[in-house]
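Structure record follows, encoded as structure tokens.
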Amino acid sequence: MCGCGGRCGRATPGAASSSGRRLPATPFLLLAYLSYLLLGSAAFWALESPRERDMAGRLLSEKWDLLENYTCLEREDLEDLAKGIIQAYKSGLYLKGNTSLGRWDFVGSFFFSVSAVTTIGYGNLSPSTEAAQVFCIFFALFGIPLNLVLLNRIGQLMLSGVQLCAFHLGEKFHWQKGAAVLTRTCALVAGLLLFLLLPPLLFTAIEGWTYEEGFYYSFITLSTIGFGDYVIGMNPERTYPSWYKNVVSLWILFGMAWLALIINLCISLLENSSGLCRCCKKRSRDAEQELISGNPNVTLECKDGQNCSTKDTKPAEPI
Numbered sequence: 345m346c347g348c349g350g351r352c353g354r355a356t357p358g359a360a361s362s363s364g365r366r367l368p369a370t371p372f373l374l375l376a377y378l379s380y381l382l383l384g385s386a387a388f389w390a391l392e393s394p395r396e397r398d399m400a401g402r403l404l405s406e407k408w409d410l411l412e413n414y415t416c417l418e419r420e421d422l423e424d425l426a427k428g429i430i431q432a433y434k435s436g437l438y439l440k441g442n443t444s445l446g447r448w449d450f451v452g453s454f455f456f457s458v459s460a461v462t463t464i465g466y467g468n469l470s471p472s473t474e475a476a477q478v479f480c481i482f483f484a485l486f487g488i489p490l491n492l493v494l495l496n497r498i499g500q501l502m503l504s505g506v507q508l509c510a511f512h513l514g515e516k517f518h519w520q521k522g523a524a525v526l527t528r529t530c531a532l533v534a535g536l537l538l539f540l541l542l543p544p545l546l547f548t549a550i551e552g553w554t555y556e557e558g559f560y561y562s563f564i565t566l567s568t569i570g571f572g573d574y575v576i577g578m579n580p581e582r583t584y585p586s587w588y589k590n591v592v593s594l595w596i597l598f599g600m601a602w603l604a605l606i607i608n609l610c611i612s613l614l615e616n617s618s619g620l621c622r623c624c625k626k627r628s629r630d631a632e633q634e635l636i637s638g639n640p641n642v643t644l645e646c647k648d649g650q651n652c653s654t655k656d657t658k659p660a661e662p663i
């Protein structure tokens, strides 16, 4: 008989369930995420591009017919033309310069897919065909959880990298606390430069925005607020590089993971700062009662050398 109580060669139910719920490796998760975005890009491209080309052809045809056949525009004709121009511009078409703003080409569709699964939702572009609208519902339904899982994994990798650097520096210089503070400060400064301070320079050069407008767009985008008042690639007077939207999509992905870490850090700091010790809370209430009673000799210090720490807030263990 086995002397281990029948446990030899058999995994415990808890271990099996935890291993069964384990998420796939980060490279596989990243590959699945990119494949999902490419699938969505191809679908939006196939569903929206034909309508975009058809509208561009009709708009140009109506423009030339109007110039050739009408020497004097009437009010109704002018209003009809204006309505067509407005509707065409909302769909990414423009009469002056480029005929199409390229919103629904493959690169534009990829950027729309990123803005959909990250829940930024600028609002400047949306599917217009019924098939694309239905597909968008299911695409976002499964894409948003996948995006959250990937952002969490990227944030964990960033945090692990910072902690690993702090450990090696502490081991080398025998200064654990100082190394931890130094690496976290460097990581914070590097993140600020890479995700918030330097991108506005790119937007200034390519979009023609001011630095303040670029910084505003950066934060509104990474925080997923997405007002839509500033969106890249929307100026018909400018010619955009083919790599531009792809680089911005990667910046959004990693920048959101970094900003989520910063927000979680701020939340934890706020939660810890509110954890006053039980003795100081009781002392503040006693001081308030004494002030109401007219006693001017009131102090807020804890008596008998009690230390204010969050550990004191936990109830005592039963004996």
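Its first residue numbered 345, the sequence shown is counted upward by one per residue in this note's numbering.
Backbone N, C-alpha and C fix where the C-beta goes; we use that ideal spot for every residue, glycine too.
- Boundaries of the alpha helix (DSSP H) around S453: F450 to V461.
- When the alpha-carbon of L469 is set against those of E396, T583 and Y561, the nearest one is in E396.
- Taking 8 Å as the cut-off, the beta carbon of V506 is found closer than this to the beta carbon of R528.
- Ranking W602, T548, T568 and M600 by CA distance to the CA of G577 puts T548 first.
- Using a Cβ distance threshold of 8 Å, T463 and I596 do not count as a contacting pair.
- Per DSSP, the unbroken alpha helix (DSSP H) holding G535 starts and ends at Q520 to G535.
- In this structure, M600 is the residue among F372, F482, M600 and S586 with its C-alpha nearest to the C-alpha of M502.
- Sixteen is the threshold: when 16 or more other Cβ atoms of the shown chains lie within 10 Å of the Cβ of L391, as they do, the residue is buried.
- For E557 and L545, the gap between their C-alpha atoms comes out near 10 Å.
- Only residues of its own chain outside the window of five on either side were considered, and among them E551 and G552 have a CB closer than 8 Å to the CB of N579, listed in chain order.
- The beta carbon of F563 is closer than 7 Å to those of L540 in its chain, skipping five residues each way along the sequence.
- By the Cβ neighbour-count rule, G401 is exposed, with fewer than 16 other Cβ atoms within 10 Å of its own.
- Here the alpha carbon of L378 sits roughly 15 Å from the alpha carbon of V592.
- One alpha carbon belongs to I430, the other to G467, and they sit about 16 Å apart.
- Rounded to whole angstroms, the Cβ separation of A604 and L495 is 6 Å, and the two are in contact under 8 Å.
- Annotation: the continuous alpha helix (DSSP H) that includes S504 extends over E474 to F517.
- A Cβ-Cβ separation of about 5 Å places G465 in contact with G570 under the 8 Å criterion.
- About 7 Å separates the beta carbons of L526 and L513, which is inside the 8 Å limit, making them a contact pair.
- At the C-beta level, G572 and G487 stay beyond 8 Å of one another.
- Of Q500, E581, C509 and T583, the smallest CA-CA separation from I606 is found for Q500.
- By the Cβ-count criterion, G522 is exposed, with fewer than 16 other Cβ atoms from all chains shown falling within 10 Å of its own Cβ.
- Residue nearest to A460 within the set F388, A369 and L508 is F388 (criterion: CA-CA distance).
- Considered as a whole, the segment 573–620 harbours 588–617 as its complete alpha helix (DSSP H) runs of no fewer than 4 residues, in chain order.
- Short of 7 Å from the beta carbon of A432, and not among the five residues preceding or following it, lie these beta carbons of its own chain, in chain order: M399 and L403.
- The Cβ atoms of F455 and K589 sit closer than 8 Å to each other.
- Closest by C-alpha distance to P394, out of E406, S472 and E515, is S472.
- In this structure, the alpha-carbon of L382 lies about 10 Å from that of L375.
- When the beta-carbon positions are compared, L490 and Y560 stay at least 8 Å from each other.
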